[in-house]
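The following block contains the structure:
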């Protein structure tokens, strides 16, 4: 995860974090462990009654041995370090606010933290504190959770937010679940439809060739990134594998190629339009990019229906999607009104739910519909959920009602969204409820499609009511168009059981297409190439949930097959990190986790 996002979470509490790197464990872990109970946190926070905030900044690093941490940065911050950083920071800021500190005071404090420890450049520190100070202070001033519960909310395994506002269940309908039907391939020659999947375009309107791709900030390859220190650090014409998004010309080249080359029946577009310069976000900027990208999509793909979903970068600040109880200047209605306008050509009859919560349903063909969910209400970086995460806008209750109506009519449903429900980014309580819904309606929901990770992967859902978990559904996580960070640009086309009576609407195969960015930059010409077919690459006769589950077990025994998947994961990028046994086990767990907080699978 990019360090600026973590800084967003803590906003002045991240004295222990380094984002692109991480932290070494404390030299005296047990001592700090003993000292992180509520009494100690409260005691440390109350020290601000006696000394200035700046003195706290100076003393806290000594207490936590920060200087030694920063001398021994590892590749990944440990869960323990994250918890310590979070709990100390939240405790201090909550007490600081209780003593009458304003959001400007918190912003100044956060800026001091950010610059004193060189967490980011002064320019980035200024932008981040300005953008996030209001959200952080508004939430921490109103939330009824203590630091342990707050940090357990943000980081799984960092505590348990025991609170009815964060431990809730969406009731299912009283209709009994129909008998689970065995899966069968359609008869040879049955009609099929082809579905184009575009995700995570992250257009950078300020991308500049030959600027520095190694600028030391969360996003580079821009005029503000400066000149490269060496030819190797220069940004390419079409994009760069490092901390860079793509210029508009790369997206337009891809869409033009798709339009001229492929036949497809409709498009699913699973979110994330703006670039990763989240310290610069403004409401006007993200709205401009929303409409601009929608027009570009319509220009090249408007001859077929397009079904969009909202990404976590579509708001300003990033990840900020206030719940309906938040009114006035902090309300999210400004964004949803614009989303309804941008999506009007594609989903004209869904403005009510789009304006309420940026979700909708649309009939694609008789007997088949798409449901687009706003996954930002499961986003653990959406701090507004700390106030009350109970099914914001009633989206999951609405989903149950839609699926029950579909079941009653004999319809099949595909679900699209941005953040995959099995990702750690998705709140455990939301993911648990979503999994319950998917398992109840497994005969109706025949495919799911998400984005967000930028990689090529999948997640399997399981019914764990029996002695052996049974695969019930699969979520396809589509490849990103952006190169951020370390990926080739790509897109995917699914072949789906088509338009005829009793069609299963299951995915029968998918084909992924990429461009080799290194070669494209050298030649200043993009060549979009077929990467692989799921059936052929993995020697699968069908792509039902149980087939994907069997594939993960084949990965366990056949490392060469797993390594093939691993290369596809990065879309055959030029630089792919090694993946040993520990790494492989982590990926297998990831593939089998359709529920983010499921302890039974991994």
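Residue numbers (mature numbering (1 follows the signal peptide of the UniProt record, and there is no 0)): -24 to -1, 1 to 578.
Ideal placement from N, C-alpha and C gives every residue a C-beta, glycine not left out.
Just so you know, these numbers come straight off a predicted model, no measurement behind them.
With respect to the alpha helix (DSSP H) encompassing residue i, which residues constitute its N-terminal and C-terminal limits?
i, result
"residue 529", "521 to 533"
"residue 387", "No alpha helix (DSSP H) holds residue 387; DSSP gives it neither H nor E."
"residue 231", "224 to 237"
"residue 130", "123 to 130"
"residue 328", "327 to 333"
"residue 514", "510 to 514"
"residue 406", "404 to 416"
"residue 582", "Residue 582 cannot be examined here, being either before or after the span of the chain that is shown, -24 to 578."
"residue 494", "493 to 499"
Just curious, the beta strand (DSSP E) that residue i is in, first and last residue?
i, result
"residue 340", "336 to 341"
"residue 265", "Counting along the chain, residue 265 falls outside any beta strand (DSSP E), though it belongs to the alpha helix (DSSP H) covering 259 to 277."
"residue 322", "Run containing residue 322: none; DSSP gives neither H nor E here."
"residue 98", "Per DSSP, residue 98 belongs to no beta strand (DSSP E); it is in the alpha helix (DSSP H), 98 to 118."
"residue 463", "Note, residue 463: premise wrong, no beta strand (DSSP E); not H, not E."
"residue 93", "Unbroken run through residue 93: none, as it is neither H nor E."
"residue 422", "421 to 426"
"residue 284", "282 to 284"
"residue 431", "From DSSP, residue 431 is part of no beta strand (DSSP E); its letter is neither H nor E."
"residue 345", "344 to 348"
Let me check you understand the geometry: is the CB of residue i closer than 7 Å to at least one non-hydrogen atom of the ligand GDP?
i, result
"residue 480", "Summarising the ligand content, the structure contains no ligands, and the ligand GDP is consequently not present."
Report the option in the options whose CA atom is closest to the CA atom of residue i.
i, options, result
"residue 368", "351, 384, 382 and 381", "351"
"residue 268", "252, 290, 341 and 253", "290"
"residue 486", "80, 516, 83 and 344", "516"
"residue 185", "222, 161 and 172", "222"
"residue 643", "83, 125 and 91", "Here the chain covers residues -24 to 578 and nothing more, so residue 643 does not appear."
"residue 477", "366, 131 and 385", "385"
"residue 464", "438, 507 and 295", "507"
"residue 294", "534, 144 and 107", "107"
"residue 161", "265, 573, 484 and 561", "484"
"residue 164", "560, 532, 240 and 474", "474"
"residue 392", "88, 338, 358 and 558", "338"
"residue 288", "320, 539 and 334", "334"
"residue 423", "480, 329, 569 and 271", "480"
"residue 582", "556, 177, 274 and 248", "Since the displayed the chain opens at -24 and closes at 578, residue 582 lies outside it and no answer follows."
"residue 292", "320, 274 and 254", "254"
"residue 572", "528, 439, 401 and 511", "401"
"residue 511", "94, 251, 534 and 541", "541"
"residue 241", "306, 167, 210 and 285", "167"
"residue 180", "362, 200, 363 and 169", "200"
Helix, strand or coil for residue i per DSSP?
i, result
"residue 297", "coil"
"residue 144", "coil"
"residue 568", "coil"
"residue 209", "helix"
"residue 173", "strand"
"residue 214", "coil"
"residue 178", "coil"
"residue 473", "strand"
"residue 486", "strand"
"residue 151", "coil"
"residue 438", "strand"
"residue 156", "coil"
"residue 242", "strand"
"residue 355", "strand"
"residue -21", "Unreliable positioning characterises residue -21 in this predicted model, as indicated by a pLDDT of 40, which lies under 50. The coordinate reading is nonetheless provided below. In the structure shown, residue -21 sits in a helix (DSSP, three-state: H, G or I)."
"residue 201", "helix"
"residue -11", "Here the model assigns residue -11 a pLDDT of 39, short of 50, so the residue's position is not dependable, and the following value carries that caveat. Residue state, collapsed to three classes: coil."
"residue 185", "coil"
"residue 193", "coil"
"residue 41", "Low confidence applies to residue 41: its pLDDT is 38, below 50, so where it sits in the model is not reliable, and the reading given next is rough at best. DSSP places residue 41 in coil when its eight states are reduced to three."
Leaving out the 5 sequence neighbours to the left and right, which residues in its chain are closer than 6 Å to residue i when beta-carbon positions are compared?
i, result
"residue 406", "354"
"residue 525", "436 and 447"
"residue 213", "185, 497 and 500"
"residue 146", "367, 372, 373 and 409"
"residue 329", "335 and 336"
Excluding the five sequence neighbours on either side, which residues of its own chain have a C-beta within less than 7 Å of the C-beta of residue i, listed in chain order?
i, result
"residue 127", "59, 62, 63, 66, 134 and 135"
"residue 153", "416"
"residue 551", "217 and 462"
"residue 233", "504"
"residue 454", "173, 175, 246, 425, 427 and 468"
"residue 156", "418 and 419"
"residue 302", "360"
"residue 579", "One cannot answer for residue 579 here, as it falls past the ends of the chain, which runs -24 to 578."
Please list, in chain order, all residues of the same chain as residue i whose beta carbon is under 8 Å from its beta carbon, the five residues on each side excluded.
i, result
"residue 256", "103"
"residue 502", "214, 226, 229, 230, 233, 491 and 496"
"residue 148", "376, 412, 413 and 416"
"residue 205", "188 and 190"
"residue 73", "82, 113, 116 and 117"
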